[in-house]
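Asks:
Numbering (our numbering), first residue to last: 37 to 653.
1) I'd like the ranges of any beta strand (DSSP E) spanning at least 3 consecutive residues and lying wholly in the segment 579 to 631.
2) According to the Cβ coordinates, are residue 110 and residue 39 closer than 7 angstroms?
3) Once the 5 residues before and after residue 122 are set aside, which same chain residues still bring their CB inside 8 angstroms of it?
4) Could you name the residues of the same chain whose beta carbon sits closer than 7 angstroms to that of residue 671, not counting the 5 residues immediately before and after it, in chain order?
5) Once you ignore the five residues that flank residue 239 on each side, which residues in its own chain have a CB closer than 7 angstroms to its CB?
6) Under 8 angstroms, with one C-beta from each stretch per pair, do the segment 609 to 625 and the segment 552 to 565 reach the 3-pair mark?
7) What does the alpha-carbon distance come out to for the pair residue 227 and residue 552?
8) Run through DSSP, which three-state label would residue 306 get?
9) Can you look up residue 639 in the DSSP assignment and give me helix, strand or coil?
10) In this structure, does DSSP put residue 59 in helix, strand or coil?
11) Closest to residue 173 by C-alpha separation, out of 61, 248 and 212, would be which residue?
12) Starting from residue 509, follow the beta strand (DSSP E) in both directions and report where the run begins and ends.
13) Hey, how far is the Cα of residue 622 from the Cα of residue 547?
14) Do the segment 635 to 645 and the segment 71 to 78 touch if we need at least three Cβ pairs shorter than 8 angstroms?
15) Between the Cα of residue 180 and the Cα atoms of 407, 525, 215 and 516, which residue gives the shortest distance?
16) Buried or exposed: residue 45, going by 16 or more other Cβ atoms within 10 Å of its Cβ?
17) Given that a residue counts as buried once 16 or more other Cβ atoms are within 10 Å of its Cβ, and exposed if not, what is residue 209?
18) With a Cβ-Cβ cutoff of 7 angstroms, do residue 599 and residue 65 count as a contact?
19) Would you grab the beta carbon distance between residue 504 and residue 481 for me? Rounded to a whole angstrom, and I think it's under 8 angstroms.
20) Go ahead and pull the three-state DSSP assignment for residue 470.
21) Excluding the 5 residues preceding and the 5 following residue 201 in the sequence, name in chain order all residues of the same chain whose CB lies nearer than 6 angstroms to its CB.
22) Using DSSP with H/G/I as helix, E/B as strand and the rest coil, what is residue 105?
23) Is DSSP giving residue 491 helix, strand or coil here?
24) Going along the chain, which residues of its own chain have a beta-carbon closer than 7 angstroms to the beta-carbon of residue 160, five neighbours each way excluded?
25) Look at the alpha carbon of residue 76 and the alpha carbon of residue 217, and state the distance between them as a whole number of angstroms.
26) Output the distance between the C-alpha atoms of residue 529 and residue 638, rounded to the nearest integer angstrom.
27) Give a yes or no on contact between the segment 252 to 266 and the segment 480 to 494, applying the rule of three or more CB pairs nearer than 8 angstroms.
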C-alpha cells in the first residue's frame, strides 16, 4: 500500500486557515515548546478518522477552530477529509470530502456522511464484509465487521505509552480497542489473511459436514450389523411362506427377497396367489386406466367449451368488419382486424370439426370396460387362494417388514445417485484441495522474525542501552509486547528506566512495520506518528527540563538515527513509509540525516493555533 499525509488543516473561527505540510518517505518533525499544540496533531488525525470522542485541547485549540482536516494520498488517489470541530466534548457528524484532494479556502461545506466515508476508506484498505472478528468478546461480537479504526492502533505511539512498561498500544484503557487488538493482530501483521480465513471457515464447515455423514454412516453400519444377525430368522420365515424354495442357498435367499420388494418382476408374481391374484391385479390396472381416460375426456370437453366461449367473445370482429368503412382507421387497423379474423376462424374450426380423439377415447373406454367385465367373469369362476387369508396377510406384512429394513439399512442413493460414501469421498476431496495456511506455524515464524529484527535495532542502539546492549529482544505474542532477556536465560528481565522503555517501543513498532511491509498487508497504512520520544530526557509539559544532558542528547540522536535508517531501508526496498514526529528537540540534533524534514518549529510565539499577533497561513 502507498499512503502518506500531505496536509493537516485547521479552519479557524476568524476565517483564516492553518496548514501544515508533510513529505512522503520522510521523518516529518514538528518541534517546539510545550503547550504549543504539537500533540494535537495526533489528536486531529484521530478525530478526522472518525473518532467517537476526542482529546483536542479546548482552551488552546478547539475554541478557536471551526473545522479540522487531513489531506492524504492513498493508492495513487488524493483525498481530503474535513470534520467540523467538536462542541466541547460532543463530536460532530458533519463531514466534507474531496476525492481529488481539494482543500477549501473558506469553511468546508458538509457534503458527505461518516458511514459513506468509512465505506470509501475501507475499500482502499481492502476491509470488506469478509474482514470479520474471528471470535467474540464482551464488546465485540464474533462475525462482526472489523473497523478500519482498529488497524490505526498500529500507527501511533502517543505520549501516554512511550514510557509505559506494559502497554505498547494506544487506547488499551478502552474495552472495545482492548478486545480488538488480539482479534485483528494476525491480519494486521500478515500472520493471517482474509482469503486464508475464508478458506479455513470453508474447511471447518466441510469437516463438520463430513463428521456428520461419518456419524450417520457409523449408526447405519451398526444397524446393518443388527440386521445381518436377524437374517437367519428372516430367511426361516421366508421359507415358511414359500417365498424362497428349499434348494435356494442362504446367501441367495436374501438377494431374492430384496428383488421381490424392490421391483415388480416375474419373480414377485411367482410368489403371488396364482391366477386369482393375476386377474385381480389386472382388473385393478384396467380400472385405473378407465378412470384416467374418463378424467381426460372430461378435461377435453371443458377445453372445447372454453373455445366456444372465446368464439362468442370474438363476434364483435364480424360487426367491426361490416362497419369498417365508417370507422377511423390507424396504420395497423387492417393488420389487427385480419389477425382477429384468422383467430376466430381457427376457433370455429376447432369447435365444429370432430377430432378423432373424441371417438378414440370413447372407444378405448368401451373396450377396457368390456375387457374388465370378461376378467371379472373369469375371476368369479376361480377359487380363492387355498391358504388361509390370515396367513396370506402375514406373508405380505412380512414382505413389508423386509422392505422397511432394507430401506433403513442399505446404502441409499440421493436423487443425484450419490450414496453416503460418495458424499464422504467428495467432501474429503474438497477438504484436501483447500490450501489453508497453518496460522500456528506462521505465528512461530512471525515471532522469530520479530525477535531477529528488533534485536538488530537493539544492536544498532547499543550505546543507548548500557548494560542491556548484550541482551536479546523477546516478543511475547500473547501479551503483544517486547521484553529483554539474557541470551542464555529462559525468563525475561524487568528492566529499569523510562529511556529503555522508550527504545523498546521504537524497536517494537519499527519491527512490526518492517514485517507489515514485507507481507504487503493492505489493512495497515505505512505511517507512524510518534509523540515526543525524547520525553524521558526532556520531561513532559508539567515537568519540562530546560536543557538535556550530553549523554541523553547522544541517546536522542541514536533514536533519530534509528528512524532515519528505517526510512532508508524502506526506500531501498521500494516501499512507502512516512513518520510524523512531535518533539521538543532542536534542528541541530538531526543535522546530516537526509530523511528527516522539519515541518514547523513552534517557538517564539508560533504554535499550531498562533496567538492573535502572529501571522496565520
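We treat Cβ as the ideally placed atom computed from N, Cα and C, and that holds for glycine. Here the structure is a predicted model, which is why all the values come from computation and not from measurement.
Replies: Result, derived from the coordinates:
1) 614 to 619
2) The residue labelled residue 110 in the question sits at position 74 within the chain shown. The residue labelled residue 39 in the question sits at position 3 within the chain shown. Yes. Within cutoff.
3) The count along the chain shown starts at 1 and reaches residue 122 at position 86. Same-chain partners within the cutoff: 83, 90, 92, 98 and 128.
4) Examination of residue 671 is not possible in this model, given that the chain is present from 37 through 653 alone.
5) Here residue 239 corresponds to residue number 203 of the chain shown, with the count starting at 1. So the qualifying residues of the chain are 467, 470 and 472.
6) They touch, by the three-pair rule.
7) Within the chain shown, the letter at position 191 stands for residue 227. Within the chain shown, the letter at position 516 stands for residue 552. Looking at the two C-alpha atoms, the distance is approximately 10 angstroms.
8) On the chain shown, residue 306 is found 270 positions in, with the first residue counted as 1. At residue 306 the pLDDT is 44, less than 50, meaning the model places this residue with poor confidence; the figure from the coordinates comes in the next sentence. Residue 306: helix per DSSP, three-state reduction.
9) Reading the chain shown from its first residue, position 603 is the one you call residue 639. Residue 639 falls in the coil class under three-state DSSP.
10) For the purposes of this step, residue 59 is taken as residue 23 along the chain shown, with counting starting at 1. DSSP places residue 59 in coil when its eight states are reduced to three.
11) Here residue 173 refers to the residue found at position 137 of the chain shown. Nearest neighbour of residue 173 by Cα position, chosen from 61, 248 and 212, turns out to be 212.
12) Residue numbering aside, residue 509 sits at position 473 when the chain shown is read from its first letter. That run of the beta strand (DSSP E) goes 508 to 512.
13) Your numbering for residue 622 matches position 586 in the chain shown. Your numbering for residue 547 matches position 511 in the chain shown. The alpha-carbon atoms of residue 622 and residue 547 are separated by roughly 27 angstroms.
14) yes
15) Sequence index remark: in the chain shown, residue 180 carries index 144 (1-based). Closest option to residue 180, Cα to Cα, is 215.
16) Translated into positions along the chain shown, residue 45 becomes position 9. So residue 45 ends up on the buried side.
17) By 1-based counting over the chain shown, the position of residue 209 is 173. Residue 209 comes out exposed.
18) Here residue 599 corresponds to residue number 563 of the chain shown, with the count starting at 1. Here residue 65 corresponds to residue number 29 of the chain shown, with the count starting at 1. No, the Cβ-Cβ distance between residue 599 and residue 65 is not below 7 angstroms.
19) To locate residue 504, count along the chain shown from 1; it is residue 468. To locate residue 481, count along the chain shown from 1; it is residue 445. The Cβ separation is near 26 angstroms, so there is no contact.
20) Position 434 of the chain shown holds residue 470. It is coil, neither helix nor strand.
21) Residue 201 sits at position 165 when you count from the first residue of the chain shown. Only 537 meet the Cβ criterion.
22) Numbered from 1 along the chain shown, position 69 holds the residue referred to as residue 105. Here residue 105 sits in strand by DSSP.
23) Position 455 of the chain shown, counting from 1, holds the residue named residue 491. Helix at residue 491.
24) As a position in the chain shown, residue 160 is number 124, starting the count at 1. Correct list, in chain order: 110 and 111.
25) As a working mapping, residue 76 is identified with position 40 in the chain shown. As a working mapping, residue 217 is identified with position 181 in the chain shown. Each residue's Cα considered, the two are about 24 angstroms apart.
26) By 1-based counting over the chain shown, the position of residue 529 is 493. By 1-based counting over the chain shown, the position of residue 638 is 602. Each residue's Cα considered, the two are about 39 angstroms apart.
27) no
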